[in-house]
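Novice: Please see the structure below; I have some questions.
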Amino acid sequence: MAGMVTAIVMVQAERQRVQETAEALAGVPSVREVYSVTGEWDIVAILKLTRYEDLDDVVTGHLRKVEGITRTQTMLAFRTYNDSLLDQGFGVGLDESQQR
């Protein structure tokens, strides 16, 4: 997906509607992954867009219409690190038998 724009949307949902809200988010165009999470936020959605301008369409045209959402915060990813780079970073100081 070279050239794709990745957006991470953190969502607070009505407590009794977290599951339904997450399921609705999973059906929104450009939403590739949805996670229920712990902490201040209830749900995290990962969006993949072909153009930065598409973010407005997804957020205003789709996300704002999902029932149960009380608050969102959107972040744009600057850089993607692939699995091999992450393995190298997490393996620092470990011998080969201890690495994933």
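Numbering (this note's numbering), first residue to last: 182 to 281. C-beta atoms are modelled at their ideal positions from N, C-alpha and C, and glycine is treated no differently.
(1) Do residue 203 and residue 228 have their beta-carbon atoms positioned less than 8 Å apart in this structure?
(2) Relative to the C-alpha of residue 220, which residue among 197, 192, 212 is closest?
(3) Given this structure, state the Cα-to-Cα distance separating residue 230 from residue 197, to the nearest angstrom.
(4) Between the Cα of residue 255 and the Cα atoms of 234, 226, 263, 235, which residue gives the shortest distance?
(5) Could you compute how far the alpha carbon of residue 216 sits from the alpha carbon of residue 234?
(6) Grab the span of the beta strand (DSSP E) containing residue 228 for me, first residue to last.
(7) Rounded C-beta distance between residue 186 and residue 232? I'm assuming under 8 Å.
(8) In the DSSP assignment, find the beta strand (DSSP E) that holds residue 258 and state where it starts and stops.
(9) So within the stretch 187-229, which uninterrupted beta strand (DSSP E) runs reach at least 3 residues, ignoring any that extend past its ends?
(10) Exposed or buried, what is residue 237 when buried is set at 16 or more other beta-carbons lying within 10 Å of its beta-carbon?
Specialist: Judging by the given coordinates:
(1) What you label residue 228 is simply residue 47 of the sequence shown in a count that begins at 1. What you label residue 203 is simply residue 22 of the sequence shown in a count that begins at 1. Cβ distance not < 8 Å, so residue 228 and residue 203 don't count as in contact.
(2) Counted from its first residue, the sequence shown places residue 220 at position 39. Nearest C-alpha to residue 220: 192.
(3) In the sequence shown, the residue the question calls residue 230 occupies position 49. In the sequence shown, the residue the question calls residue 197 occupies position 16. Distance between the alpha carbons of residue 230 and residue 197: 30 Å.
(4) For the purposes of this step, residue 255 is identified with residue 74 of the sequence shown, where counting begins at 1. The option with the nearest alpha carbon to residue 255 is 226.
(5) Counting from 1 along the sequence shown, the entry for residue 216 is found at position 35. Counting from 1 along the sequence shown, the entry for residue 234 is found at position 53. Roughly 24 Å between the two C-alpha positions.
(6) Stepping through the sequence shown from its first residue, residue 228 is reached at position 47. Looking at the DSSP string, the run of the beta strand (DSSP E) that includes residue 228 is 224-230.
(7) One-based indexing of the sequence shown puts residue 186 at position 5. One-based indexing of the sequence shown puts residue 232 at position 51. With a Cβ gap of about 7 Å, residue 186 and residue 232 count as contacting.
(8) The count along the sequence shown starts at 1 and reaches residue 258 at position 77. Per DSSP, residue 258 belongs to no beta strand (DSSP E) and is neither H nor E.
(9) 212-217
(10) Within the sequence shown, residue 237 is the residue found at index 56, counting from 1. That one is exposed.
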